[in-house]
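Those sequence lines, one after another, are chains A and B.
At position 82 of the first sequence (counting the first as 1) the number is 82 in our numbering, and the numbers step up by one without a gap.
At position 56 of the second sequence (counting the first as 1) the number is 56 in our numbering, and the numbers step up by one without a gap.
Think of the CB as a built atom: it goes at the ideal place given N, C-alpha and C, for glycine as much as any other residue.
In what follows, a structure is listed as structure tokens, so that the remarks can point back to it.
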Amino acid sequence: MIEINKITYQYKKSHKMVFTDFSLTIPKGNVCGLLGKNGAGKSTLLYLISALLRTQKGSITFNGQNVWKRKPELLQEIFIVPEEFDLPAISLQQYINTNAPFYPNFNKELMNECLKDFELTPELNLGQLSMGQKKKVYICFALATGVQLLIMDEPSNGLDIPSKSQFRKVVSRCMTDERTILISTHQVKDVEMLLDHIIIIENSQVLLNANIGEIANAFSFEFVQGGEMPEDAIFCLPTIGGAAVVRPNTENRETQIDLEMLFNACIANPQKFNNLKK
Amino acid sequence: MASIKRIANVTRWDLITNWKGYRSMIISYTLAYVIGLCIMNWNSRYTVLHTQEAFSVLQWSGIMSMTIAMLMTFPCLISSFINAKQKKISYLMLPASMTEKLLSRMVICFILFPIMLLACFFLGDLIHYLVMVPWMPEGSTNLAFFDFFSHWHSLFPSLVATNSNGETTYMYFDFINVLLLPTTYLFMGGCLFTKRAIIKTWGIGIVALVMFGLFMDNVGAELLWNWMHNIEPNKAATVIRWAANTIALGLNITFACVGYKHFVNREIVKNRRFL
Chain A
1 MIEINKITYQ
11 YKKSHKMVFT
21 DFSLTIPKGN
31 VCGLLGKNGA
41 GKSTLLYLIS
51 ALLRTQKGSI
61 TFNGQNVWKR
71 KPELLQEIFI
81 VPEEFDLPAI
91 SLQQYINTNA
101 PFYPNFNKEL
111 MNECLKDFEL
121 TPELNLGQLS
131 MGQKKKVYIC
141 FALATGVQLL
151 IMDEPSNGLD
161 IPSKSQFRKV
171 VSRCMTDERT
181 ILISTHQVKD
191 VEMLLDHIII
201 IENSQVLLNA
211 NIGEIANAFS
221 FEFVQGGEMP
231 EDAIFCLPTI
241 GGAAVVRPNT
251 ENRETQIDLE
261 MLFNACIANP
271 QKFNNLKK
Chain B
1 MASIKRIANV
11 TRWDLITNWK
21 GYRSMIISYT
31 LAYVIGLCIM
41 NWNSRYTVLH
51 TQEAFSVLQW
61 SGIMSMTIAM
71 LMTFPCLISS
81 FINAKQKKIS
91 YLMLPASMTE
101 KLLSRMVICF
111 ILFPIMLLAC
121 FFLGDLIHYL
131 VMVPWMPEGS
141 TNLAFFDFFS
151 HWHSLFPSLV
161 ATNSNGETTY
171 MYFDFINVLL
181 LPTTYLFMGG
191 CLFTKRAIIK
201 TWGIGIVALV
211 MFGLFMDNVG
221 AELLWNWMHN
231 IEPNKAATVI
241 RWAANTIALG
251 LNITFACVGY
261 KHFVNREIVK
271 NRRFL
């Protein structure tokens, strides 16, 4: 479990205050989606959780340990896939031989299976790969490390259309009860079927922090034909022949969560989501 | 507790991941050194070495100056390999403590540098030998590379100097401090600055030297002169040497501590003003 306790963070060079007194709890065993507008601080939060940045106030703990201490025992349970990364121009085998010894739970068979899912072979030279292929290899390695906390920043960026479904497949395959995967993305459609916990942040505040079941119980996502909107609609998006609406689920209907609609509704009417902040 | 296994893993990771940077650095350093060596040795004849006569002091001081200059810039350059954001993420996320990462960099520095230095001597001599062959007198076929080692032991007595009373003074201790001071100083600079670390560190060093010079010129020199003349010259020299060494040692420790502090608190963004 990740506990973020009243943190304050400011980029000193640009004087940009990103978080003030910000608190959040991320439960373990979930594929958690971190959503927010541009500049809301999603990537900064991921870097803070990974101890790549240091909070000015407050603390961040993972499994009860302060992440900033950067203890090897803790670091071997955290892996981050940043939006942009650097892979050395060496063979994949050499890359595995160099990096795998740091992760005691590294599973080479799983790595090969994930590569197969992405239609890649283990005999690769990382220097000859495109950015998208490098990302697939990096994601495969990240999943094979067996870490408890896997952080991904915009993982579907740079992946082609078939690779996006392959990505969902490999992530689902590697998910366990002990593992937490934290995904920050704007491409919500790419990960919609994957997420089982949603966090929305805005202006240093948590607008939503709930699992998919809780969201589905509280709201329904419907398509309304014609021009008349339901009175209780929290958010509506006009489309051809009607509108997509988010409304309170008073009739206990089971509807498919539309993340884009959920996000827009949450940003437009944050007070309606007060019960789902935790 | 630092783990030797993790230090070895980080060192291996560092060398493999940054091999292009290390390759460029070693090639450029070797070329610069070999060119310098060839220029300095151009007029020397190997018969001089072969007949066991003293190697030119000028040549020795030149070679030593070059070696020290390279040793000083080495740590700064090694630090620069993790300055790019993506590289920094991979490096900082490696499951090893920052102390282990720092030790691994020092291992690289102190293993890679002597190997490079030996390669330089060998290359420099080989070039010199090949060029000089047509003019070499009969029997003078020894390479200076090997002669350097045969002379190495005779170097140590010169580092343990004797004063006018015939007493031994530990110049070797001075030598170590002289080498360590700029190394730790630049190492601190490498940890402190993310861009143009060598220039910035030297800039601060020069400002400090000028200030020290001005201080000595205006106040210190006279005080020092008076103090020196009130006691025995030999004792004064010894006291000054030990005082200088103590200050150098203190500075070494301070630089090492500041460098260490900045290294372990390294973040992926430059979160300090003016650096």
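Quick check on this structure: which residue in A:A233, A:N252, A:N249, A:T250 has the alpha carbon closest to the alpha carbon of A243 of chain A? A:A233
Taking CB distances under 8 Å as the criterion, tell me whether W242 of chain B reaches chain A. no
Report the residue from A:P238, A:I4, A:P162, A:L208 whose alpha carbon sits nearest the alpha carbon of G132 of chain A. A:P162
I7 of chain B to A96 of chain B, Cα distance in whole Å? 8 Å
For L34 of chain A and D196 of chain A, the rounded distance between their alpha carbons: 11 Å
Which residues in chain A sit within 7 Å of R6 of chain B, going by Cβ to Cβ distance? P72
Does the Cβ of R105 of chain B have 16 or more other Cβ atoms within 10 Å, making it buried, or fewer, making it exposed? buried
Tell me whether S97 of chain B sits in a helix, a strand or coil according to DSSP, three-state version. coil
Buried or exposed (CB count within 10 angstroms, at least 16 for buried), I198 of chain A: buried
Look at the Cβ atom of L262 of chain A, then the Cβ atom of V246 of chain A, and state whether they are nearer than 8 Å. yes
Could you give the distance in angstroms between the alpha-carbon of N211 of chain A and the alpha-carbon of N274 of chain A? 14 Å
Between E100 of chain B and V107 of chain B, what straight-line distance do the alpha-carbon atoms span, to the nearest angstrom? 10 Å
Assuming L87 of chain A contacts K134 of chain A under a Cβ cut-off of 8 Å, what Cβ separation, rounded to an integer in Å, is found between them? 5 Å
Does the distance from the C-beta atom of T367 of chain A to that of T20 of chain A stay below 8 Å? The displayed coordinates of chain A run from 1 to 278. Any statement about residue 367 of chain A would go beyond what the structure contains.
Between L103 of chain B and chain A, is any beta-carbon pair separated by less than 8 Å? no
Taking 8 Å as the CB-CB limit, is I27 of chain B close to chain A? no
For the stretch 37-58 of chain A, which residues have a beta carbon sitting closer than 8 Å to at least one beta carbon of chain B? Y47, S50, A51, L52, L53, R54
Any idea what DSSP makes of Y103 of chain A, helix, strand or coil? coil
Beta-carbon neighbours of K200 of chain B, restricted to chain A and to distances below 9 Å: By Cβ distance, chain A contributes nothing, its closest Cβ being about 17 Å from K200 of chain B, past 9 Å.
Please list the terminal residues of the continuous beta strand (DSSP E) segment that includes K57 of chain A. 57-62
Are the beta-carbon atoms of L75 of chain A and M93 of chain B separated by less than 8 Å? yes
Sequence ranges, beta strand (DSSP E) only - wholly within the stretch 137-164 of chain A, length at least 3: 149-153
May I ask which residues mark the beginning and end of the beta strand (DSSP E) holding M17 of chain A? 16-26
For chain A, is any of its Cβ atoms less than 8 Å away from the one on I89 of chain B? yes
Report yes if the CB atom of N9 of chain B is closer than 8 Å to the CB atom of F167 of chain A, and no otherwise. no
Find the residues of chain A that neighbour A96 of chain B, judging by a C-beta separation of less than 8 Å, and give them in chain order. P72, L75, F102
Using 8 Å as the limit for Cβ to Cβ distance, is L92 of chain B near chain A? yes
Give me the DSSP bridge partner(s) of A220 of chain A. Reading the sequence as shown, one finds Ser at residue 220 of chain A and not Ala. Paired residues: A:R247.
I'd like the list of long-range same chain contacts for E53 of chain B, defined as Cβ closer than 6 Å, with 5 residues on each side in sequence excluded. Any reading at E53 of chain B must be qualified, since the residue scores a pLDDT of 43, below 50, and its modelled position is unreliable; the value itself is stated next. Answer for E53 of chain B: no residue qualifies.
Taking the CB atoms as reference points, tell me whether T84 of chain A and V147 of chain A lie closer together than 8 Å. Looking at the sequence provided, one finds Glu at residue 84 of chain A rather than Thr. Not closer than 8 Å, so no.
What does E84 of chain A touch in chain B if you count any residue whose Cβ is under 7 Å from its own? Q86
Are the C-beta atoms of R12 of chain B and some chain A residue less than 8 Å apart? yes
Length of the line joining the Cα atoms of L123 of chain B and S24 of chain B: 17 Å
Among B:A2, B:I82, B:L118, which one has its Cα closest to the Cα of V34 of chain B? B:L118
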